[in-house]
Amino acid sequence: MNRSLTMRAALAVAIAGLAGPGLAQETTQPFLTFEHEGLSSMFVDSRDQGLRDALAMLPDRIGELPAEIDDMPPEVAGVIQLFLQTIARPARVAILYDGENPTGGFFGYGFLASIECDNEREVEELRDTILAIAGMIAEEEGIEIPLEESERFPGMSEMMLPFGLLSFGPRQADTGWRYEVVVGTVNGADTVFAAVPSLIDVPGFTSFANATIDFSAMTPLARIVTNMAGNDAPQVGEFVDGFTEMGLLGEDALRVDYQAGATPEMSVQRFVIRDAARRAEALSLPTDPLTQAELNAIPADAFGVTIGKASFDSVEQMLERMEEEGVPVSDALEEFEDMTGVDLVEDVLRALGGTFAFYNAESTGGGSLLSAVAMMSVDDQEAFSGAMHKLSGLANGALNEDDEIGKYIRLDSWSASAGIELISLRFPGLPVPLELTFAFTEDWFIAAPTPQAALAAARQTMGTGDDGLTTNPRFAAMFREHGKGATNIAFVDTPRTIRAGYPFLTLIGSGLSNLVRSPHDHGLRDPGMILPLYNDLVTDAVPTMKITRWR
333 MNRSLTMRAA
343 LAVAIAGLAG
353 PGLAQETTQP
363 FLTFEHEGLS
373 SMFVDSRDQG
383 LRDALAMLPD
393 RIGELPAEID
403 DMPPEVAGVI
413 QLFLQTIARP
423 ARVAILYDGE
433 NPTGGFFGYG
443 FLASIECDNE
453 REVEELRDTI
463 LAIAGMIAEE
473 EGIEIPLEES
483 ERFPGMSEMM
493 LPFGLLSFGP
503 RQADTGWRYE
513 VVVGTVNGAD
523 TVFAAVPSLI
533 DVPGFTSFAN
543 ATIDFSAMTP
553 LARIVTNMAG
563 NDAPQVGEFV
573 DGFTEMGLLG
583 EDALRVDYQA
593 GATPEMSVQR
603 FVIRDAARRA
613 EALSLPTDPL
623 TQAELNAIPA
633 DAFGVTIGKA
643 SFDSVEQMLE
653 RMEEEGVPVS
663 DALEEFEDMT
673 GVDLVEDVLR
683 ALGGTFAFYN
693 AESTGGGSLL
703 SAVAMMSVDD
713 QEAFSGAMHK
723 LSGLANGALN
733 EDDEIGKYIR
743 LDSWSASAGI
753 ELISLRFPGL
763 PVPLELTFAF
773 TEDWFIAAPT
783 PQAALAAARQ
793 TMGTGDDGLT
803 TNPRFAAMFR
813 EHGKGATNIA
823 FVDTPRTIRA
833 GYPFLTLIGS
843 GLSNLVRSPH
853 DHGLRDPGMI
863 LPLYNDLVTD
873 AVPTMKITRW
883 R
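All residue numbers for the sequence shown refer to this note's numbering, where the first residue is 333 and numbers rise by one.
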C-alpha cells in the first residue's frame with residue numbers, strides 16, 4: 333500500500349476537522365479536550381447583531397473573488413469558504429490516550445477533531461467537498477491517496493500513516509451528525525466530553541466553551557521517551573523528574589479546567605488548576621493574598637491595572653541549577669560585585685518584596701501612555717536603592733569617558749518632598765521628549781516614563797494621594813463579591829476605556845461592512861451598521877476583572 337501523502341493532501345483531508353467515536357471505554361484518558369458551541373453562541377447581546385450578520389456574509393464574498401482576481405482558482409475560494417464555515421460551527425478537539433486498547437496506533441495516543449452538522453445531508457455534502465478537494469490536489473501532484481473504507485468507524489474513509497491510522501468522514505453521534513477527523517487511537521470520545529465538569533454556577537449563565545488539560549495523560553509518553561533515550565541520555569530522566577515534581581507528569585499530576593460563557597449582563601470565564609497547593613513551591617506559585625494596603629498603593633482613578641504576588645525563589649533556583657551544570661554563575665556574580673559593589677542576589681533579588689503592579693491612571697499623567705506606572709514592593713529599601721544608585725553612578729562614569737556623548741546623557745539623582753528619592757534619565761541640551769524616572773519609597777520601587785508619573789505614584793504609595801483602588805466603585809463592586817484571598821488581579825475599567833477605543837472600532841466596523849458587500853449587486857448583501865452608537869454601546873457596560881485565588 334502506498335503510504336505517502338503530501339502536506340497539501342493532508343491539509344485537504346483535515347480542513348474540516350474541528351469528536352470521535354462514541355464507544356464507551358473506561359480506559360480512555362483525556363490529555364486535552366476543547367469544545368465550543370459555535371461562533372454565534374458568543375454573540376449574546378442584541379448589539380452584536382451587526383457583527384454576527386457581517387461574519388455570516390463573509391463566505392459569500394470569498395466566493396466572488398475568482399471572478400475578480402486573475403488566476404485565482406475557484407477551488408481556492410472553495411477551500412477558504414469551507415474553512416470559514418467550518419470554524420463557525422460547534423466543534424470539539426481532543427488528545428486522548430488508551431494504552432490498553434491502541435486501536436489506531438500512535439502508541440495509544442490519538443487526536444480527534446469534530447464539527448457539528450445540522451443533518452445527514454449537510455454532513456454528506458461536507459464529506460463530498462473535502463474528498464473532491466483532496467482528489468484535485470492529488471491529481472495536480474500526481475500522487476495517489478490510498479483511501480479505504482474504515483473498519484473501526486463505519487462510513488468514514490481511512491488511510492495508514494507511519495505510526496497509525498487516519499480516519500475522516502461523517503459519524504452519527506448521540507448529539508447528532510458530525511464530521512470528524514481521527515488520528516491514531518481514539519476510543520470513547522463522546523463519553524469523555526459528557527464527563528467535562530461545569531465550573532460556573534451563576535443565574536442565567538450559558539456556556540459557550542469549555543476545556544480540560546490532564547497532565548497525567550502525558551506520563552506514558554514520558555516513559556516511552558525515557559526508555560528510548562536509555563542510559564545514553566540521563567538528562568532526559570532528570571527532566572522527567574523535574575516535571576513530575578512540578579505536577580506536570582505523574583499519576584497524580586495537575587489538571588486544568590476552563591469554562592467560558594455569559595449571563596444577560598456580562599461574560600464570565602473560569603480557570604481551575606486542581607491539586608496545585610502541594611506544588612506551589614515547585615511551581616513558584618504565590619500563596620499570600622494581596623492586602624488592602626497593597627491595592628490602595630494604586631490610585632482610585634486607575635483604569636487599567638495588573639497587580640499580584642510573585643516569588644523570586646525560582647530565579648535563585650535556576651542560578652543554582654546552572655552552577656551545578658557547570659556554568660560559572662558564582663564567578664560571574666563575584667566579578668560583577670567586584671566591578672560595581674553590588675551583590676545582585678543580596679542587594680537586588682532578596683531585597684525585592686513579593687508584590688508587583690502595572691497600571692495606568694488619570695492622576696499619573698492624564699490617562700495617556702505616559703501615565704503608565706510599574707511598581708515592585710521592596711523589603712530592604714536601603715540595600716536596593718543603594719544598589720540602584722551605585723549602578724547609576726557607574727553608568728554616568730562610563731558615559732563621561734566619551735566627551736562627545738557623555739555630556740548629553742546622564743542619570744540624575746534627586747529628591748522630592750516627604751523623602752522620596754528619584755533617578756531620572758536626562759538628555760541635557762537636547763530636546764528629547766523623554767525622562768524615564770525611577771522612584772524609591774519606603775516599601776516600593778517605581779518606574780515611569782515621566783517624573784510626574786513617578787512622583788504621583790510614589791505619593792500614592794505613601795498615602796498622600798487619593799483613597800486608593802478599593803474605593804473605585806466599579807472595582808469595589810466586583811472585588812467585594814469575588815476578591816477575597818486574591819493573589820493576582822487584572823482590572824480594566826471598560827466604561828472608561830471605551831471612549832479611547834471607539835474611534836478605532838468604527839474604522840474596523842466600516843472596513844468589515846464594506847468588505848462583505850458585493851461589488852456586483854449593490855443590494856445583495858448589507859450588514860448595516862456593525863458598531864452600535866457610542867451611547868448605546870456604553871449603556872450597562874461593566875468592567876473587566878480577572879481574579880486569581882486559592883480555594
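Where is the CB? At the ideal position from N, CA and C, for every residue including glycine.
- For GLY382, the three-state secondary structure derived from DSSP is helix.
- Rounded to whole angstroms, VAL710 and LEU757 show a C-alpha spacing of 22 Å.
- In the DSSP assignment, LEU731 falls within the unbroken alpha helix (DSSP H) covering 713 to 732.
- Sequence-distant partners of PRO827 (beyond 5 residues in either direction) whose C-beta falls short of 8 Å from its own C-beta, in its chain, are ARG806, VAL870, ALA873, VAL874, PRO875.
- For ARG484, the CB contacts under 8 Å within the same chain, skipping 5 residues up- and downstream, are PRO353, THR435, GLY436, GLU490, LEU497, SER499 in chain order.
- A Cβ-Cβ separation of about 6 Å places THR687 in contact with LYS641 under the 8 Å criterion.
- By the C-beta density criterion, ILE840 is exposed, having fewer than 16 other C-beta atoms within 10 angstroms.
- Counted as a single uninterrupted DSSP element, the stretch harbouring PRO405 is not any beta strand (DSSP E), since DSSP gives it neither H nor E.
- CA-CA distance, ASP663 to GLU657, rounds to 14 Å.
- Linking GLY574 to ILE465 through their CA atoms gives a straight-line distance of about 46 Å.
- Here the alpha carbons of ALA715 and ALA683 stand approximately 7 Å from one another.
- Scanning PHE811, SER548, ASP589 for the CA closest to the CA of MET578 turns up SER548.
- Just measuring C-alpha positions, the residue of GLN567, PHE438, ASN867, ILE879 sitting nearest ARG379 is ASN867.
- Note on geometry: alpha-carbon atoms of LEU622 and VAL604 lie some 19 Å from one another.
- For the set GLN504, SER599, LEU586, THR551, the Cα lying nearest the Cα of THR538 is the one of SER599.
- Sorting LEU493, LEU617, LEU627 by C-alpha distance to the C-alpha of GLY795 places LEU627 at the top.
- DSSP lists PHE366, ALA445 as the beta-bridge partner residues of VAL425.
- In terms of CA proximity to LEU364, ILE427 leads the group ILE862, ILE427, ALA689.
- Shown here, SER695 sits in coil according to DSSP, grouped into three states, outside any helix or strand.
- At least 9 Å separates the beta-carbon of ILE821 from that of VAL534.
- Note that the segment 585 to 593 touches the segment 540 to 547; at least 3 beta-carbon pairs, one per stretch, sit closer than 8 Å.
- In the displayed model, ARG883 falls within coil according to three-state DSSP, outside both helix and strand.
- Boundaries of the alpha helix (DSSP H) around THR523: 521 to 526.
- Contact between the segment 388 to 397 and the segment 857 to 864 is present: three or more C-beta pairs spanning the two stretches fall below 8 Å.
- Nearest in C-alpha terms to TYR691, of all of PRO631, GLU767, GLY516, is PRO631.
- Residue burial is scored here from C-beta neighbours: HIS852 has fewer than 16 other C-beta atoms within 10 angstroms and is therefore classed as exposed.
- The C-beta separation of ARG459 from GLY501 comes to about 6 Å, placing the pair in contact by the 8 Å criterion.
- Within the same chain, Cβ atoms closer than 6 Å to the Cβ of SER446 are found at ALA351, ARG424, ARG510, GLU512, the five residues on either side in sequence being excluded.
- In this structure, LYS739 is the residue among LEU743, GLU753, LYS739, GLY725 with its C-alpha nearest to the C-alpha of LEU762.
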